[in-house]
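Chemist:
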Amino acid sequence: MDENWIDHHRNDGERVGWIRMTGDGFVAVDILGRPITEQVDWLQAEEALDGRGLSFLADPWLLRLPAGEEVRVRIVEVSPDRIRVAEDAMGAASVVGARPREHTLPFPAPDALRPVREHGG
373 MDENWIDHHR NDGERVGWIR MTGDGFVAVD ILGRPITEQV DWLQAEEALD GRGLSFLADP
433 WLLRLPAGEE VRVRIVEVSP DRIRVAEDAM GAASVVGARP REHTLPFPAP DALRPVREHG
493 G
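Quick note on numbering: the sequence shown equals residues 373 to 493 in the numbering used here.
In structure tokens form, the structure reads like this:
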């Protein structure tokens, strides 16, 4: 994470992302460290982050492993240090007592992590 990123919090104090200065404007960066706007003004960046929120983190994701295989995962932790995901074989990650395989990813999230809906799954 760049030291010039400015935390953006929703009304309850939870961080939902950052606003990065760039050129004469700003870029909204979500909690995964991914830009969600082009260069915009400050208010537009805030509105984009507020609109994005955190609920998207609960959606199913696909992780492309180094060997090329894609596995369905759920995000279990996000911080500016790392992102942890757990394999989710059709909901198994949420079953009490299940011990799904976990993967630790760098921050910002790599392109290998994508929402299932982008792949028609």
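Built from N, CA and C at the ideal position, the CB exists for glycine as well.
Measure from the alpha carbon of V457 to the alpha carbon of each residue in A400, G440, L429 and A439, then state which is nearest.
Modeler: In the sequence shown, counting from the first residue as 1, residue 457 sits at position 85. Ranking A400, G440, L429 and A439 by Cα distance to V457 puts L429 first.
Chemist: Could you check the C-alpha separation between W377 and P480 for me, to the nearest Å?
Modeler: Taking the first residue of the sequence shown as position 1, residue 377 is located at position 5. Taking the first residue of the sequence shown as position 1, residue 480 is located at position 108. Roughly 13 Å between the two C-alpha positions.
Chemist: What residues are listed by DSSP as bridge partners for P407?
Modeler: As a position in the sequence shown, residue 407 is number 35, starting the count at 1. Answer is V401, bridged to P407.
Chemist: Could you pull the start and end residues of the beta strand (DSSP E) that E474 belongs to?
Modeler: In the sequence shown, counting from the first residue as 1, residue 474 sits at position 102. E474 to L477 is the extent of the beta strand (DSSP E) around E474.
Chemist: Which residues in the same chain have their Cβ closer than 7 Å to the Cβ of R406, if we skip the five residues on either side of it in sequence?
Modeler: Here residue 406 corresponds to residue number 34 of the sequence shown, with the count starting at 1. Contacts found: P480 and A481.
Chemist: Can you give me the start and stop residues for the beta strand (DSSP E) that R486 sits inside?
Modeler: The residue labelled residue 486 in the question sits at position 114 within the sequence shown. Per DSSP, R486 belongs to the beta strand (DSSP E) from L485 to P487.
Chemist: Give me the Cα-Cα distance between A461 and D396, rounded to the nearest whole angstrom.
Modeler: As a first step, residue 461 must be located in the sequence shown, where it is residue number 89. As a first step, residue 396 must be located in the sequence shown, where it is residue number 24. Spanning the two alpha carbons is a distance of roughly 45 Å.
Chemist: May I ask you to list the residues that DSSP assigns as paired with W390?
Modeler: Walking along the sequence shown from the start, residue 390 turns up at place 18. The partner list for W390 (beta bridge, DSSP) reads D379 and V401.
Chemist: Kindly provide the ranges of any beta strand (DSSP E) runs that are 3 or more residues long and lie completely inside the region 415-463, ordered along the chain.
Modeler: Listed in chain order, they are 433-436, 442-450 and 455-459.
Chemist: In or out: L435 buried (at least 16 other Cβ within 10 Å) or exposed?
Modeler: Counted from its first residue, the sequence shown places residue 435 at position 63. Burial call: buried.
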